[in-house]
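Chains as they are written, first to last, in this note's numbering: chain A, 254 to 544; chain B, 27 to 478. Using N, Cα and C, we set each Cβ at its ideal position, and we do this for glycine too. Just so it is clear, the structure is predicted and the values come from calculations on it, not from any experiment.
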């Protein structure tokens, strides 16, 4: 026997189920998400969270890497200025040591060399975003005085990207440019002094010092170039990683719109069919027949 | 002979009237979900010489399906349990995984990213401010989640006392009905089926409220502890508070606690749901405290731009209370960056702080997991229990509907069936009336003949 209550309950329950499924499908279509909260699919949620964490780190690598590219390019520019200054000093020294210049010309060359010295010191005092990049870890004060004395330290700072790659961001300026008694700065200080005193032999003696200093700066610039290449790679990889992680995360949590649309049509059809059945059953009551 | 014929016809009329009354009651209650179809128990009356002497109405009974009723009550208990559990669970889930996407894991990722960025520009006030901002957001997110979880659990438990009152009312009514049913059955009164229906409905309500079970005599118990014994209802009350809330039944010589695991229905689901929310709150607080402690330890080992050291980034209360950003932290004394005093360009301590992101076992409960992984495991673990409850809710609801349909097919009312029976009983009444008329005619004829 099918009681009237049982029959109407059966149809109501079936309608409720279809309506509930339809509601769920429409919610997914509206949000575009299959997994919005952990209980939708805890495994997918956990995997998507892990991917999102990687994506966040990769995205940060990309942004930070771009800033660091700017910093390293600035440092590279300083190295180029330093190389130019040292080459200029070599030319001045070559002229001064040629034996063809008189005392007045020596004085002029000394003034030129003094200017070159200031160019080199300016390169050593290069700043990026208000931080001195060649003062070791003393980034808040200019590492070189006007006379070329070094007040930075021997430290260096570096950044570690999410893949574990460390890139050096600051350097011990003394180890690269020397100071008023050594290296490139010391050689140019000596050159200025020799030119001012008109001591041709002393001028000549600065040439090998300048060649060595030039080599020293060029080596540091090459190392910086390697660091810059690494950062470029990190930024490129991070950008493509962000794209692929976004896709992977989307595959886990995004709704399959085409499939959902088909399911929605099917559910709507079922809903209509159930309403129609309910209506037909109501017409077949014995009460109507006996009336 | 004529007297016997009249009494036989009369008994037929009485039987048909009783059956018609039962059908009328059935039709009137066709849409009453707590009604069981009634029928009349008849017995043939034996005559003195072995011939039939009519029919006797023994009483009205209602259709019963005791095994189905028991299964329905069990499923009702389970459905209500899972409904209450998922209700608080979903509130908690929205707190730990808000649609805005501002999750604890995101705040932590941003904090670790800010440490990495600071390591690149340790002397930069903007980078230092970014660390303070990210740390503040992390602490604030943890506070908000903890507070929302606390509210969810306490709000769930605040609904407990009205439900316990309702259980006590239902239990009292059942005890009263037990007495009335016994009396009605003893007196063969016609209202016994209606009383049984009332009691069944109340027992179903108690199953849904607290997971109570009952025997055929209306004795109700919860987890083996009696709640209604015959005509006596025992008082149920709450005991304890917060996460340790449970229920007890008052007996003559004291009270007995019902183990939380034995509680079903809405009350069981509320307590289990609140316990589950308290549990995730405790797990998250513990994880956040562990992470903040690890960060503080590294932070305090470093030096600020002002040369100060041992400055904590977070204030960590005792226990697993929510953390807070240390209000004394500034861009100058933020020690995150440097490993020594007087080296503003040194970001090695910031690098060490950023490395905590990849350090396993920061939260001792998750020895093989990084801080972010531990948070994800806690949240997805909660998702598993909620998904399981939601799935159980759907399945139990479907099972309950099937059982109710099956029960209704046995004890419910079919109007078509009742109308057919009505015609049959009307015919029986008419036939019995004709028989009485015939007996009357025969008596009149005999009286006339004797008179002539």
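Environment of residue i [buried if 16+ CB atoms lie within 10 Å]
i: residue 27 of chain B; result: With a pLDDT of only 46 at residue 27 of chain B, under the threshold of 50, the placement of this residue in the model should not be trusted, and no figure is reported.
i: residue 349 of chain A; result: buried
i: residue 111 of chain B; result: buried
i: residue 483 of chain B; result: Residue 483 of chain B is absent from the structure shown; chain B starts at 27 and stops at 478.
i: residue 347 of chain A; result: exposed
i: residue 231 of chain B; result: buried
i: residue 379 of chain B; result: buried
i: residue 63 of chain B; result: buried
i: residue 473 of chain B; result: exposed
i: residue 475 of chain B; result: exposed
i: residue 75 of chain B; result: exposed
i: residue 480 of chain B; result: Absent from the model: residue 480 of chain B. The displayed extent of chain B is 27 to 478, so no value can be given.
i: residue 374 of chain B; result: buried
i: residue 295 of chain A; result: buried
i: residue 249 of chain B; result: buried
i: residue 480 of chain A; result: buried
i: residue 127 of chain B; result: exposed
i: residue 448 of chain B; result: buried
i: residue 150 of chain B; result: buried
i: residue 323 of chain B; result: exposed
i: residue 282 of chain B; result: exposed
i: residue 277 of chain B; result: exposed
i: residue 526 of chain A; result: exposed
Short Cβ contact (9 Å threshold) for residue i with residue j
i: residue 53 of chain B; j: residue 444 of chain B; result: yes
i: residue 342 of chain B; j: residue 313 of chain B; result: no
i: residue 73 of chain B; j: residue 30 of chain B; result: yes
i: residue 413 of chain B; j: residue 406 of chain A; result: no
i: residue 401 of chain B; j: residue 130 of chain B; result: yes
i: residue 275 of chain A; j: residue 520 of chain A; result: yes
i: residue 268 of chain A; j: residue 524 of chain A; result: yes
i: residue 467 of chain A; j: residue 345 of chain A; result: no
i: residue 475 of chain A; j: residue 336 of chain A; result: no
i: residue 425 of chain B; j: residue 89 of chain B; result: no
i: residue 142 of chain B; j: residue 317 of chain A; result: yes
i: residue 415 of chain A; j: residue 340 of chain A; result: no
i: residue 35 of chain B; j: residue 469 of chain B; result: no
i: residue 384 of chain A; j: residue 370 of chain A; result: no
i: residue 362 of chain B; j: residue 134 of chain B; result: no
i: residue 328 of chain A; j: residue 424 of chain A; result: yes
i: residue 429 of chain A; j: residue 342 of chain A; result: no
Bridge-paired residues (DSSP) for residue i
i: residue 254 of chain B; result: B/246 and B/259
i: residue 403 of chain A; result: A/397
i: residue 288 of chain A; result: Answer by DSSP bridge pairing: none, since residue 288 of chain A is not bridged.
i: residue 329 of chain B; result: B/335 and B/364
i: residue 277 of chain B; result: B/280
i: residue 480 of chain B; result: Chain B is shown from 27 up to 478; residue 480 of chain B falls before or after that span and cannot be answered.
i: residue 351 of chain B; result: B/340
i: residue 78 of chain B; result: B/72
i: residue 272 of chain B; result: B/265
i: residue 239 of chain B; result: B/247
i: residue 507 of chain A; result: A/286
Check: residue i C-beta below 8 Å from any heavy atom of the ligand ADP
i: residue 281 of chain B; result: The ligand ADP is absent from the structure shown, which contains no ligand whatsoever.
Test: residue i CB closer than 9 Å to a CB of chain E
i: residue 220 of chain B; result: Here chain E cannot be found, since the structure's protein chains are A and B.
**Short-range partners of chain B found in the stretch 387 to 411 of chain A, where Cβ spacing is below 8 Å** = 388, 389, 390, 391, 392, 393, 406, 408, 410 and 411
**Message:** Residues of the stretch 175 to 204 of chain B in Cβ contact with chain A at a cutoff of 8 Å, in chain order, please.
**Reply:** Those residues of the stretch 175 to 204 of chain B that come within reach of chain A (Cβ to Cβ, closer than 8 Å) do not exist; the list is empty.
**Request:** Compile a chain-ordered list of the residues in the stretch 396 to 412 of chain B whose CB is closer than 9 Å to at least one CB of chain A.
**Result:** 396, 398, 399, 401, 402, 403, 405, 406, 407, 408, 409, 410, 411 and 412
**Message:** Tell me which residues of the stretch 113 to 126 of chain B have at least one Cβ-Cβ distance to chain A shorter than 9 Å, keeping chain order.
**Reply:** If the cut-off is 9 Å between Cβ atoms, the stretch 113 to 126 of chain B has 115, 116, 119, 120, 122, 123 and 125 near chain A.
**Item:** alpha helix (DSSP H) runs contained entirely in the stretch 322 to 391 of chain A, provided each spans 4 or more residues
**Value:** 356 to 377
**Asked** Taking the runs of the beta strand (DSSP E) that are 3 residues or longer, which of them lie wholly in the stretch 411 to 487 of chain A?
**Response** 411 to 413 and 419 to 421
**Request:** Could you list the residues in the stretch 357 to 374 of chain B with a C-beta less than 7 Å from some C-beta on chain A, going in chain order?
**Result:** 369, 370, 371, 372 and 373
**Prompt:** Residues in the stretch 482 to 494 of chain A with C-beta within 8 Å of chain B's C-beta atoms, listed in sequence order?
**Reply:** none
**Request:** May I ask you to list, following chain order, the residues of the stretch 426 to 437 of chain B that have a beta carbon less than 7 Å from some beta carbon of chain A?
**Result:** 427, 430, 431, 434 and 435
**Item:** Under 7 Å (Cβ pairs) to chain A, residues found in the stretch 86 to 103 of chain B
**Value:** none
**Request:** Could you list the residues in the stretch 132 to 145 of chain B with a C-beta less than 7 Å from some C-beta on chain A, going in chain order?
**Result:** 135, 139, 142, 143 and 145
**Asked** Can you list, in chain order, the residues of the stretch 53 to 70 of chain B whose Cβ is nearer than 7 Å to any Cβ on chain A?
**Response** 56, 57 and 59
**Request:** Taking only beta carbons into account, state which residues of the stretch 522 to 534 of chain A come closer than 9 Å to chain B, listed in chain order.
**Result:** none
**Asked** If you measure beta-carbon to beta-carbon, which residues of the stretch 150 to 168 of chain B are closer than 8 Å to chain A?
**Response** 150
**Request:** Can you check the stretch 154 to 233 of chain B for any alpha helix (DSSP H) of at least 4 residues that lies completely inside it and give the ranges in chain order?
**Result:** The alpha helix (DSSP H) runs lying completely inside the stretch 154 to 233 of chain B and spanning 4 residues or more are 186 to 212, given in chain order.
**Asked** Going along the stretch 306 to 338 of chain B in order, which residues come within less than 7 Å of chain A, judged by CB to CB distance?
**Response** none
**Prompt:** Got a sec: which bits of the stretch 309 to 323 of chain A sit with their beta carbon under 9 Å from any beta carbon on chain B, in order along the chain?
**Reply:** Close to chain B, meaning a Cβ-Cβ distance shorter than 9 Å, are the following residues of the stretch 309 to 323 of chain A: 309, 310, 312, 313, 314, 316, 317, 320 and 321.
**Asked** In chain order, what residues of the stretch 411 to 431 of chain A put their CB closer than 7 Å to some CB of chain B?
**Response** 412, 413, 422 and 423
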